[in-house]
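One gets this note's numbering by counting positions in the sequence shown from 1 and adding 28 to each. All C-beta atoms in this analysis are idealised placements derived from N, C-alpha and C, irrespective of residue type, glycine included. Predicted model, so just to flag it, every value in this text is computed and none were measured. What follows is a short report on a single structure.
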Amino acid sequence: MTLTKDRPAEWAAPGMRRMKVLAVGSQKGGAAKSTTSLYLATRFAEYMGGTQECPIVGLLDRDGTSKNLSEMLRLHPEMVRPGVTILDGEDLPEQSSGLRLVVIDTPPGLAAIDSLRSADLLVVPVIPSEQGVVNLVQYLRNIKGQRVSVSPHMRLLALLPSAVRNTRLHREVLDAIKDIAGSYDPPLPVLPPIPQRTAIEEWNLDAREYDAAAKELFEYARI
Ligand SMILES: Nc1ncnc2c1ncn2[C@@H]1O[C@H](COP(=O)(O)OP(=O)(O)O)[C@@H](O)[C@H]1O
Ligand SMILES: [Mg+2]
Numbered sequence: 029m030t031l032t033k034d035r036p037a038e039w040a041a042p043g044m045r046r047m048k049v050l051a052v053g054s055q056k057g058g059a060a061k062s063t064t065s066l067y068l069a070t071r072f073a074e075y076m077g078g079t080q081e082c083p084i085v086g087l088l089d090r091d092g093t094s095k096n097l098s099e100m101l102r103l104h105p106e107m108v109r110p111g112v113t114i115l116d117g118e119d120l121p122e123q124s125s126g127l128r129l130v131v132i133d134t135p136p137g138l139a140a141i142d143s144l145r146s147a148d149l150l151v152v153p154v155i156p157s158e159q160g161v162v163n164l165v166q167y168l169r170n171i172k173g174q175r176v177s178v179s180p181h182m183r184l185l186a187l188l189p190s191a192v193r194n195t196r197l198h199r200e201v202l203d204a205i206k207d208i209a210g211s212y213d214p215p216l217p218v219l220p221p222i223p224q225r226t227a228i229e230e231w232n233l234d235a236r237e238y239d240a241a242a243k244e245l246f247e248y249a250r251i
C-alpha cells in the first residue's frame, strides 16, 4: 500500500504509530532555522532511542534556495548522529517508512509559509534583533492568514530565542518576544533561549545548549 504525499497527515495503517512532522520556521534568513533543525532532530532521536540501524527521525530540507543543511550533512556524514537520517527531495516519506518524526528545515522569504505544508507542529526560532521581531510579527500574521490552505491542523508549539547574548539590547528584545508570545491567541510558550556560541556555529552536536529547549519542546510535541 502506498501513501501519496497528498494523503491527509492523520492517515496511518491500523496499529501503526503515525509519523509526526515538525517544521522549524521563520520568514527571516539567518534566524537559526537550519541550526535548530539539526539540533532538534539529533536530540529528539536520542530521546526516542533511534539507532544507526533504525533511524527514527528524518531531516527534510525544504530550503530550495540554499540546501545548506542537507548539502553540508552529505559532505560531512559523520555529523549525522545515530537515529537521524537525511531525506531526499522535499516530499514527506511514507507513513510506512518507520520514522516517528520528520523535522523540516524551511526557507526564508516568500516560500516560508508554503514550506509548512503537511506540518503537524511548528517551532519558530527568533534572533533578538529589531528586524527579527518585525519579521516574527509578520510571520505569525501570515500563518494565521494562510494556515487553512497550508496546514489547517498545525499546532504552533513555541518560540525559540536563538543566538542570544547577555547584552542590554538582547535582554530588551527578549522581553519584546515574550510580550508577543503572551499576546498570541492562545499564548505561546517561549523556550529557554539558545546562547550564541562558537560550538553551535560549528554544529558541534556535543554542545548541550539546545538541551533544555529540546526537552521542553519534546514534551509539548507529544510525539
Ligand atoms: N546559537 C548560535 N550561536 C552561534 N551561531 C549561531 C547560533 N545559531 C545560529 N548560528 C549561526 O547563525 C547563522 C545563521 O544560522 P542558520 O541556522 O543557517 O539560519 P537560517 O537557517 O535561519 O538561515 C549560521 O552561521 C549559524 O551557524
Ligand atoms: Mg537555513
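- Straight across, the Cα-Cα distance linking G210 with G58 is about 24 angstroms.
- In summary, E237 is buried, with 16 or more beta-carbon neighbours lying within 10 Å of its beta-carbon over all protein chains present.
- Here the region 170-178 does not lie against the region 217-225, with fewer than 3 beta-carbon pairs under 8 angstroms apart.
- Taking one beta carbon from each stretch, the region 74-82 and the region 157-167 have fewer than 3 pairs nearer than 8 angstroms; the two do not touch.
- Taking the CA atoms as reference points, Q123 sits about 22 angstroms from D91.
- In this structure, DSSP gives K172 a helical state, which the three-state scheme calls helix.
- Looking at the DSSP output, G86 sits in a beta bridge with T113, V130.
- For ligand 2, no non-hydrogen atom lies closer than 7 angstroms to the CB of D142.
- When the beta-carbon positions are compared, R71 and A242 come within less than 8 angstroms of each other.
- Per the coordinates, the alpha-carbon of V49 lies some 33 angstroms from the alpha-carbon of E200.
- As computed with DSSP, K48 is found in a beta bridge with L129.
- Among the bridge pairs identified by DSSP, L184 is matched with L150.
- Of all alpha-carbon atoms in I222, P110, D234, I132, the one lying nearest the alpha-carbon of E244 is that of I222.
- The count of Cβ pairs closer than 8 angstroms, one atom from the region 98-110 and one from the region 138-158, stays below three, leaving the stretches out of contact.
- The beta carbon of L138 sits no closer than 7 angstroms to any heavy atom of ligand 2.
- Between V154 and S190, the C-beta spacing is below 8 angstroms.
- Counting along the chain, the unbroken alpha helix (DSSP H) around R196 starts and ends at 196-211.
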